[in-house]
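Peer 1:
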Amino acid sequence: MRHNFRDVGGTPGGLPVFMLGLGMLAAGAYLLLNQVTVRSGYWHFWGEQAFGLTLLPLLFGIGFLFYSARSIVGWALTGIGAVFIFAGIIANLEIHFRPTTLFNTLVILTMLVGGLGLIFRSLRPAPARR
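Taking the working numbering, the leading residue of the sequence shown gets 28, the next gets one more, and so forth.
1) Residue 149: beta carbon under 7 Å from a heavy atom of the ligand GDP?
2) Roughly how many angstroms lie between the CA atoms of residue 63 and residue 136, to the nearest whole one?
3) Nearest by alpha-carbon distance to residue 130: which of 46, 58 and 44 is it?
4) What's the C-alpha gap between residue 43 and residue 92?
5) Can you tell me where the alpha helix (DSSP H) holding residue 149 begins and where it ends?
6) Identify which residue in 56, 49, 60 and 55 has its Cα closest to the Cα of residue 125.
7) Can you tell which of 114, 87, 152 and 113 has its C-alpha closest to the C-alpha of residue 101?
8) Looking only at its chain, what residues have a beta carbon closer than 7 Å to the beta carbon of residue 148, apart from the 5 residues adjacent to it on each side?
9) Where residue 120 and residue 103 are concerned, what is the direct C-alpha to C-alpha distance, given to the nearest angstrom?
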């Protein structure tokens with residue numbers, strides 16, 4: 028008796044291949060992200076850290092909101108201040124790939140690319156049989 032797996036994208040035979048590809052992709056992504064180190068600083072303005080300057084709109088906005096919760100200026104300043112702080116953190120991230128062996132790097136990249144290949148293979152329709 029033949030099994031006809033038709034679960035992934037309505038294509039025949041897709042589920043086992045899709046699950047294997049998904050597992051490989053997840054393992055490869057985990058191993059790759061495990062090799063990355065992330066550090067953060069903050070904006071420098073005239074040689075000094077500018078975190079205090081980016082707090083000013085947020086603090087004034089919060090002050091306006093405590094005075095009147097319906098203050099459009101308060102909400103705008105609070106939102107702008109939060110965006111400044113978030114953008115400052117994101118803009119100053121330093122991302123470094125930790126040293127590893129060539130073999131480990133090849134295994135990680137093979138799992139990533141192989142998993143993607145299996146996922147795409149499971150989604151395409153099987154060739155017609157004669």
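Beta carbons: idealized from backbone N, C-alpha and C, even for Gly.
Peer 2: Well, looking at it:
1) This structure does not include the ligand GDP; it has no bound ligands of any sort.
2) Taking the straight line joining both Cα atoms gives about 14 Å.
3) Nearest option by C-alpha distance: 58.
4) Each residue's Cα considered, the two are about 55 Å apart.
5) Element bounds for residue 149: 129-150.
6) Selected option, being the one with the closest Cα: 60.
7) Here the closest residue by C-alpha is 87.
8) Counting only Cβ-Cβ distances below 7 Å, and skipping sequence neighbours, we find 44.
9) Going from the Cα of residue 120 to the Cα of residue 103 covers about 26 Å.
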